[in-house]
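Here is the structure we will look at, set down as structure tokens.
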Amino acid sequence: MPQALYESSLKSLPLLGRGKVRENYAVGEHRILMIASDRLSAFDVIMGEPIPGKGALLTKMALFWFDKLDGIVPNHLTGEDPLSVVTGEEREQIRDRAMLVKRLKPLPIEAVVRGYLAGSGWAEYQKTQSVCGVALPAGLRNADKLPAPIFTPATKAEMGDHDENISFEQAAGIIGIELATRVRDISIQLYRRAADFALTKGIIIADTKFEFGLDADGTLTLMDEVLTPDSSRYWPVESYAPGSNPPSYDKQFVRDWLEAVRIDGQPWGKKAPAPALPAEVIANTVQKYEEALQRLTA
10 MPQALYESSL KSLPLLGRGK VRENYAVGEH RILMIASDRL SAFDVIMGEP IPGKGALLTK
70 MALFWFDKLD GIVPNHLTGE DPLSVVTGEE REQIRDRAML VKRLKPLPIE AVVRGYLAGS
130 GWAEYQKTQS VCGVALPAGL RNADKLPAPI FTPATKAEMG DHDENISFEQ AAGIIGIELA
190 TRVRDISIQL YRRAADFALT KGIIIADTKF EFGLDADGTL TLMDEVLTPD SSRYWPVESY
250 APGSNPPSYD KQFVRDWLEA VRIDGQPWGK KAPAPALPAE VIANTVQKYE EALQRLTA
């Protein structure tokens, strides 16, 4: 198993911020060194144990998808070598797990696209027969394929808070109707291309989350990670069966364990601190991420 990186500690660049998984360092005024650590968050809580090699797998998968989605919308990659902006001693910390990207003004919403009914979408549908204000047919089951992919935006939570699903109208109120419409249409286009390709590799992408920013000229740009198991639900085609949660290639394995774990006889309250992940849960999570990447790139 590779050496795990729970948190980077670069001295040669100013730290802009640490997210749940990624850390951003300023490279001059116009670029950012984005590092994917081996941290894992579930239910918006960061686990205390790293998933060794996860950051490198996420980075490899994100770069794969940026390439596949080329031509739909500009992305934040500069094409420059991340190792070129750190000192020789710092290179091993970031090798294979960093991207050197353009510095953008992030949009304050997350662009979620759902092709299947799952997770918070399924929970909402059971109460309202809709998801984020999008009305859906009656009688759908957990994990059913939707008639067409739907755009279900969310607000970006501060660290430790939960992202909140919002309607398209609420998103338009935050970023303006014209930009919200472009984000919606582009997000659905990105999802369709990725989902169609993944199906040829035996993988269903049930839903995913895109992030966008604006460059200095106001150009809408795809940023952050894209279509990784951290931001998407990946289901193997061969074990997909509507009516229950299908086995998945993402962190659902960790979520399921956290839902089942008991602390002093009580369920975990989905607030920090998280219960310690057993070694077999960590190993299985690494294996799922690796298998997803291998299938997609085979």
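Heads up: the sequence shown runs through residues 10 to 307, numbered per the working numbering. Heads up, the beta-carbon is just placed ideally off N, CA and C, and yes, glycines get one too.
Asked                                                                                                            : Found
Beta-carbon spacing of G124, I214 below 8 Å                                                                      : yes
Rounded C-alpha distance that separates I187 from R193                                                           : According to the sequence shown, residue 187 is Glu rather than Ile. About 10 Å.
Cβ-based burial, H39 [other Cβ within 10 Å; buried from 16]                                                      : exposed
Outcome for R106 when other beta-carbon atoms lying within 10 angstroms are tallied against a minimum of 16      : buried
Among L67, P245 and A203, nearest to P158 - alpha-carbon criterion                                               : A203
Under the three-state DSSP convention, the category E101 falls into                                              : helix
DSSP state of S241 mapped onto helix, strand, coil                                                               : strand
C-alpha distance - M56 paired with L199, whole-angstrom precision                                                : 30 Å
Every unbroken beta strand (DSSP E) within the stretch 203 to 290, with a cutoff of 3 residues, ordered by chain : 212 to 223, 229 to 232 and 241 to 245
For V140, the three-state DSSP class (helix, strand or coil)                                                     : strand
Beta-carbon proximity list for V140, same chain, < 6 Å, skipping 5 on both sides                                 : G130, E133, Y134 and T161
Contact under 8 Å by Cβ, E234 with A71                                                                           : yes
Any alpha helix (DSSP H) of 4 or more consecutive residues that is wholly inside the stretch 31 to 79            : 63 to 77
CB-CB length for S257 against Y243, believed under 8 Å                                                           : 6 Å
Pairwise C-alpha distance: H85 and T230                                                                          : 6 Å
Cβ-based burial, V121 [other Cβ within 10 Å; buried from 16]                                                     : buried
Outcome for S93 when other beta-carbon atoms lying within 10 angstroms are tallied against a minimum of 16       : exposed
Straight-line Cα distance separating P251 from S18                                                               : 45 Å
Element boundaries [alpha helix (DSSP H), containing A181]                                                       : F177 to I184
DSSP bridge partner residues for G26 (one or two, in chain order)                                                : N33
Boundaries (first-last residue) of the beta strand (DSSP E) holding R123                                         : I118 to Y125
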